[in-house]
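Below is one structure, written out as structure tokens; comments come after it.
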Amino acid sequence: MSRRSLTILIPVVIIFSFLFGMQVGKLHVGTTDAQTGAHMLSSFIDSSTQGNKPSLSLFWDVWDRLHAQYVDPKALNSQQMLYGAIKGMVASLNDPYTVFMDPEESKEFKNNLQGTLEGIGAELSVKDKNLVIMSVLKGSPAEKAGLKANDIVLKIDDEVATDMTVYQAITRIRGTKGTPVKLFIFRKDKSDPFEVTIIRDTIRLDSITFEDKGTGIFYIGLHQFTDSTKLELEDTIAKIVLKDPKGIVLDLRNNGGGYLEVAIDVLSELLSGKKEVVTIHKRDAKDDVKRYTTGSGRLSGIPLVVLINNSSASASEIVAGAVQDLKRGTVMGEKSYGKGSVQEIEDNLEQNASLRITIAKWLTPFHRSIDKVGIEPDVTVKLREDDLKKGKDPQLDAAMKVLKK
């Protein structure tokens, strides 16, 4: 997994500053000789400084002063200080998708992609400097407690959420099945914030939900692009092709993305032949990579409607953008989120830490960049709060109407 390409929506904002994380990671700094070891390393780094690599003497000066003067010596956790410093270095790029993850955060991130965790069943992101709920899983504790997409989390168990990174927030919200977590929520259509207590549960993140809608129309809800998605999709397709399908609704609403390779797998089943579906535009144009479908296309001849909304991001937008550019079907719903970048996971760092790095931008088949812009649907259909309260889904209804014609 060390170099798998990700197009997933999990923005993070973090603080502090540091350099040469690998070298420092090899140094045990949790003893009374921490300052001595730091000075030895600092001398080595400073003497080898070249080009735009700055001297680290200021860093070690601050390190020494904290260890010598800070009022509570027990709070000086050298390992956590190191992690915080590396996170700050990465955060200075001002790219919410390039993130250093300490060992615990790395474990949580991998669990998320593998599809099993304990928590409340809501996806978090940072939007306009607020901690926002991007989507709520069907049947999850979060849904049962009444949380909705675009809710702003102000506090988690009486701690102010605006002071937290996304991963800190995730760590506090997730927990053992059966235990409570208290959230203080702001919702735009309510005048005052409100409090809700949610009981955590085991969350199974199935990639796909499937439903036979009758009259030859089939619904595929694609919720994320993870390791299990390809096998789940193959299983679903096997059921569809046996029933003389007349139309397919591919629902990408509230899908925050995942592995780029899985988006190619999905498009390979929707398109016939080998089609260019995405261009990976790297820092040096000569390294650009065009990605093509495999030519399997078992669903290629079936009328298609793709549903998107403002929480459809990344890999979801790769699929919707290709369908739209290649005129494979109708893209319907509301404008998507607009994340047009690709990350790689470097999970071979010391201490089981990992680094998620933005290594490219991606472009649709017509070489459109949707980053911070999103995809405008071919047919706009709004889903309003009142519809949800009444259990209605006008977007799905509109898709069904198009396919029945």
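For what it's worth, the working numbering labels the leading residue of the sequence shown as 5, then goes sequentially. Just so it is clear, CB atoms sit at the ideal spot from N, CA and C, and this is done for glycine as well.
About 19 Å separates the CB atoms of Tyr-87 and Asp-99; that is not less than 8 Å, and the two are not in contact.
A direct Cα-Cα distance of roughly 20 Å separates Leu-226 from Thr-368.
With a 10 Å radius around the Cβ and a threshold of 16 neighbouring Cβ atoms, Gln-355 comes out exposed. Taking C-alpha positions only, Ala-165 is separated from Ala-242 by approximately 45 Å. In the DSSP annotation of this structure, Ile-177 is not part of any beta strand (DSSP E); the continuous alpha helix (DSSP H) holding it starts and ends at 170-177. Nearest Cα to Ile-202 within the set Leu-359, Gly-220, Val-185 and Lys-194: Val-185. Burial check for His-371: the Cβ neighbour count within 10 Å stays below 16, so the residue is exposed.
Taking C-beta atoms as the reference points, Gly-123 and Arg-176 fail to come closer than 8 Å. In the displayed model, Tyr-223 falls within a strand according to three-state DSSP. Shown here, Lys-131 sits in a strand according to DSSP, grouped into three states. Between the C-alpha atoms of Pro-307 and His-285 there is a straight-line separation of about 31 Å. Beta-bridge partners of Tyr-74 (DSSP): none assigned.
Following the DSSP letters along the chain, one finds Ala-149 in no alpha helix (DSSP H), marked with neither H nor E. Just measuring C-alpha positions, the residue of Ile-90, Gln-73, Phe-63 and Leu-264 sitting nearest Leu-353 is Ile-90. Measuring C-alpha to C-alpha distances from Ala-126 to each of Lys-114, Phe-104, Ala-149 and Glu-199 identifies Ala-149 as the nearest. Annotation: Gly-262 to Lys-376 spans about 18 Å, alpha carbon to alpha carbon. Taken through DSSP and simplified to helix, strand or coil, Lys-111 comes out as helix.
For Ala-267 and Asp-329, the gap between their C-alpha atoms comes out near 15 Å. At least 8 Å separates the beta-carbon of Thr-102 from that of Ile-374. Every candidate alpha helix (DSSP H) stretch fails here, since none sits fully inside the segment 171-215 while reaching 4 residues.
In this structure, DSSP gives Leu-141 a state outside helix and strand, which the three-state scheme calls coil. Sixteen is the threshold: when 16 or more other Cβ atoms of the shown chains lie within 10 Å of the Cβ of Phe-104, as they do, the residue is buried.
In the three-state reduction of the DSSP assignment, Asp-390 falls in the helix class, which pools H, G and I.
8 Å or more divides the Cβ of Gly-251 from the Cβ of Ala-317.
Residue pairing of Met-105 in beta bridges, as defined by DSSP: Ser-358. Per the C-alpha coordinates, the member of Lys-133, Ala-324 and Ile-312 positioned closest to Leu-275 is Ala-324.
Shown here, Lys-331 sits in coil according to DSSP, grouped into three states, outside any helix or strand. In the three-state scheme derived from DSSP, where H, G and I count as helix and E and B as strand, Ser-82 is classed as helix.
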